[in-house]
Amino acid sequence: MSEIKHFSHEEHSLKLIENWEEVVGVSHDNDEKGEVICCFGCREPILDGFVYGCTSCSHFLHEKCANLAPVINHHFHPFHPLTLVTRDIDCTWNCNVCDRRGLVKGFSYWCMICEFDACTKCGLGIAPKNEALIAFKHEGHPQHTLTLQLRSASFRCDACLAKDEDLFYTCDDCDFWMHKTCASLAHSIDLHHHHKHPLILVYSLPDNFYNFWYYCEFCNKFILKNGWLYHCANCRYFAHIKCALNANIPSDSVGTSLVEEHVNEFMHFPMLDAFTDPLNLLHLERVSLDDNGASEISHWSHGHPLILNVEPRGNNMSNISCDPIEVCNGCVRHLSLPYYSCKHGCSFTLHKYCAELPLTLEHQLHPDHTLELIDTSKDKYYHRCNGCFSYGNTFAYKCETCKFYLDVNCANLPNTIIHKSHKHPLTQVIDPKPGCNACALTSSGVSFACEDCNFQLDMFCAIQSPHFLTHKYCKGHEIPLTYPPVEDHPEDFYCDICEKEMHPKRPLYHCNKCKNSFHLHCINRIDFFANVKLDGTRMTSYHKHPLTFVRRKKTSLYVCFGCNLDINGRLMLECRTGTCPYRICYHCYLIGFE
Numbered sequence: 001m002s003e004i005k006h007f008s009h010e011e012h013s014l015k016l017i018e019n020w021e022e023v024v025g026v027s028h029d030n031d032e033k034g035e036v037i038c039c040f041g042c043r044e045p046i047l048d049g050f051v052y053g054c055t056s057c058s059h060f061l062h063e064k065c066a067n068l069a070p071v072i073n074h075h076f077h078p079f080h081p082l083t084l085v086t087r088d089i090d091c092t093w094n095c096n097v098c099d100r101r102g103l104v105k106g107f108s109y110w111c112m113i114c115e116f117d118a119c120t121k122c123g124l125g126i127a128p129k130n131e132a133l134i135a136f137k138h139e140g141h142p143q144h145t146l147t148l149q150l151r152s153a154s155f156r157c158d159a160c161l162a163k164d165e166d167l168f169y170t171c172d173d174c175d176f177w178m179h180k181t182c183a184s185l186a187h188s189i190d191l192h193h194h195h196k197h198p199l200i201l202v203y204s205l206p207d208n209f210y211n212f213w214y215y216c217e218f219c220n221k222f223i224l225k226n227g228w229l230y231h232c233a234n235c236r237y238f239a240h241i242k243c244a245l246n247a248n249i250p251s252d253s254v255g256t257s258l259v260e261e262h263v264n265e266f267m268h269f270p271m272l273d274a275f276t277d278p279l280n281l282l283h284l285e286r287v288s289l290d291d292n293g294a295s296e297i298s299h300w301s302h303g304h305p306l307i308l309n310v311e312p313r314g315n316n317m318s319n320i321s322c323d324p325i326e327v328c329n330g331c332v333r334h335l336s337l338p339y340y341s342c343k344h345g346c347s348f349t350l351h352k353y354c355a356e357l358p359l360t361l362e363h364q365l366h367p368d369h370t371l372e373l374i375d376t377s378k379d380k381y382y383h384r385c386n387g388c389f390s391y392g393n394t395f396a397y398k399c400e401t402c403k404f405y406l407d408v409n410c411a412n413l414p415n416t417i418i419h420k421s422h423k424h425p426l427t428q429v430i431d432p433k434p435g436c437n438a439c440a441l442t443s444s445g446v447s448f449a450c451e452d453c454n455f456q457l458d459m460f461c462a463i464q465s466p467h468f469l470t471h472k473y474c475k476g477h478e479i480p481l482t483y484p485p486v487e488d489h490p491e492d493f494y495c496d497i498c499e500k501e502m503h504p505k506r507p508l509y510h511c512n513k514c515k516n517s518f519h520l521h522c523i524n525r526i527d528f529f530a531n532v533k534l535d536g537t538r539m540t541s542y543h544k545h546p547l548t549f550v551r552r553k554k555t556s557l558y559v560c561f562g563c564n565l566d567i568n569g570r571l572m573l574e575c576r577t578g579t580c581p582y583r584i585c586y587h588c589y590l591i592g593f594e
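Per UniProt numbering, residue 1 is the first one in the sequence shown, and the count goes up by one each step.
Here you go:
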């Protein structure tokens, strides 16, 4: 064909030039040898042979370049066809097959979807092999040479440990396979939305982190010791290769977007205010200060009428709180408005929402029988809740058949919470898997879990861990509850009570002033008598005076008359006649010490 129309030069037709030497001699005789003219398509010199060109515009193509297939399928990019295009004169581009970089103008086979480029020689399969690319040594496998296989395959990569289809490198000396994309991973990446320091690529978990199992910060699955990963050593921050690279890609999951949309509707833990309890917050919308309700009621738990209090008593009261000494006789929590009190002046008070608790309850922790609301204040012994295992002596839901107790706080726990220790909402579960992710202890009863991440917290770690604690090792200040990662702390943590090394990815109580650290299960953080109202008296056969339930915090040794152990700060019964120093711990009272 003597003349063609070509997409690379739409202004004019290209004519077949059979005598190329004449063109060079006539148009380009700047010196004795003439000027070397390159093919616009492949950017190689035109030396002889048939050429298509426009002499007025100096636009020339090898005959073979003028007849290149407009669309091809290539084994380097099996996902989509590659289309022949002209490259912009002002932009450089790279061939993704032979790895030639900084190419300008010319033709390339291009995938618009993946932005994959192949030069025409690679597109036709005639490019010379780049020995530096085909066979090379990599820091991730320094002992042997790796060879690029010019085909794609689906396999489990020994670098990222993921199974994907990709071009790959293999080791002829051992069974090592690696994705081609993993061979060119960046040595550091910045994920500022997730961590303030750059994450560094390492080819296995460093030896100094072998003491504990670590989890990926994104998928919460184990970090394997032999897998490549991105990490921040100072903060003990670890991420799988794929998780780190996909961290900033928005999720298409409908479920995740719905959860994020309603995240403000969930209760957030841990709570800063020690007097804020879930039962109160759950009823906050239903019980408001504007909803006065009945001004006087008769309640099954008390023999006298109860009157509603909607305003603070006295001049020193806030508009929400009441006398800080007073607690509710139903839930043993700090009183808040509105509440009921005894009309005849008895020291009996009830939150309005506690007075309105349902008399029967169906609960998933005890699905076989209906639970009935009872008052245990007159019982000789405290009941023990099957949800949190705390003792109590006020309101509880009970199954008489099974002797099953559930205090009103556990009975009204939220189904879903947001917790500082995990990025996803946690849902209440009744049959938890062994091992809390915070304290590592096995628990029964109520827990909160994220099934997608295999993450769970027992109820103490999820809801009842105080935000601050005191300890004799840190006198004069409180110790905050600290959640990992602890930034800029490359040193190991050791518990100052058990003296064992602490897992740096679990919550701990850590004092920055004294540099003291404590396991959650070592420090005395759980008050198993938080549901006990300390105003009851008991007569016993082993002491002539009534004994009153109290809790004493003395600076000196405070010894039980029964077991001779120090009961300083613990629940006890003591004689309050003023002349008798008799006291026993609650355990001795339970076993009937004589």
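Each residue gets a CB set at the ideal place from its N, CA and C atoms; glycine is no exception. Source: prediction; values computed, not measured.
Return the first residue and the last residue of the beta strand (DSSP E) that residue i is part of.
i: A118; result: F116 to C119
i: T181; result: Counting along the chain, T181 falls outside any beta strand (DSSP E), though it belongs to the alpha helix (DSSP H) covering K180 to A183.
i: K433; result: Run containing K433: none; DSSP gives neither H nor E here.
i: Y230; result: L229 to C232
i: R43; result: Careful: R43 lies outside any beta strand (DSSP E) and carries neither H nor E.
i: R538; result: T537 to T540
i: H268; result: M267 to F269
Using DSSP with H/G/I as helix, E/B as strand and the rest coil, what is residue i?
i: T577; result: coil
i: E63; result: helix
i: C388; result: coil
i: I241; result: helix
i: Y381; result: coil
i: F518; result: strand
i: H503; result: coil
i: A135; result: strand
i: Y509; result: strand
i: C122; result: helix
i: F209; result: helix
Mind checking who residue i pairs with in its DSSP beta bridge?
i: D407; result: A396
i: W93; result: L103
i: C54; result: H59
i: E3; result: K15
i: F455; result: C450
i: Y109; result: L84 and A118
i: V559; result: D566
i: F549; result: L573
i: I37; result: In the DSSP output, where bridge partners are listed per residue, I37 has none listed.
i: V71; result: T83
i: T427; result: T416 and A449
i: residue 616; result: Nothing can be reported for residue 616, as the shown portion of the chain is limited to 1 through 594.
i: R583; result: E574
i: H77; result: H74
With 16 other CB atoms within 10 Å as the buried threshold, where does residue i fall?
i: Q456; result: buried
i: Q364; result: exposed
i: Y468; result: One detail in the question is off: residue 468 reads as Phe in this sequence, not Tyr. Per the 10 Å Cβ criterion, exposed.
i: E217; result: buried
i: Q143; result: exposed
i: T537; result: exposed
i: Y210; result: exposed
i: C232; result: buried
i: S188; result: exposed
i: W213; result: exposed
i: I101; result: A small correction: the amino acid at residue 101 is Arg; Ile does not occupy that position in the sequence shown. The residue is exposed, with fewer than 16 neighbouring Cβ atoms inside 10 Å.
i: E574; result: buried
i: S347; result: exposed
i: C93; result: Correcting the residue identity first, residue 93 is Trp in this sequence and not Cys. Per the 10 Å Cβ criterion, buried.
i: P338; result: buried
Starting from residue i, trace the alpha helix (DSSP H) both ways and give me its first and last residue.
i: H419; result: Taken as a continuous stretch (DSSP letters only), H419 belongs to no alpha helix (DSSP H), being part of the beta strand (DSSP E) at T416 to H419.
i: L590; result: Y586 to L590
Between residue i and chain B, is any beta-carbon pair separated by less than 8 Å?
i: E165; result: You won't find chain B in this structure, because it holds only one protein chain.
Task: Length-filtered (3 minimum) beta strand (DSSP E) runs lying within the stretch 290–374 - done: 306–309, 339–342, 349–351 and 360–363
Open item on the list: Threshold first: 4 residues or longer. Then list the alpha helix (DSSP H) segments lying entirely within the stretch 142–206, N to C.
Closed with: 180–183
TODO: Return the chain-ordered ranges of every beta strand (DSSP E) run that is complete within the stretch 459–487 and spans a minimum of 3 residues.
DONE: 468–471 and 474–482
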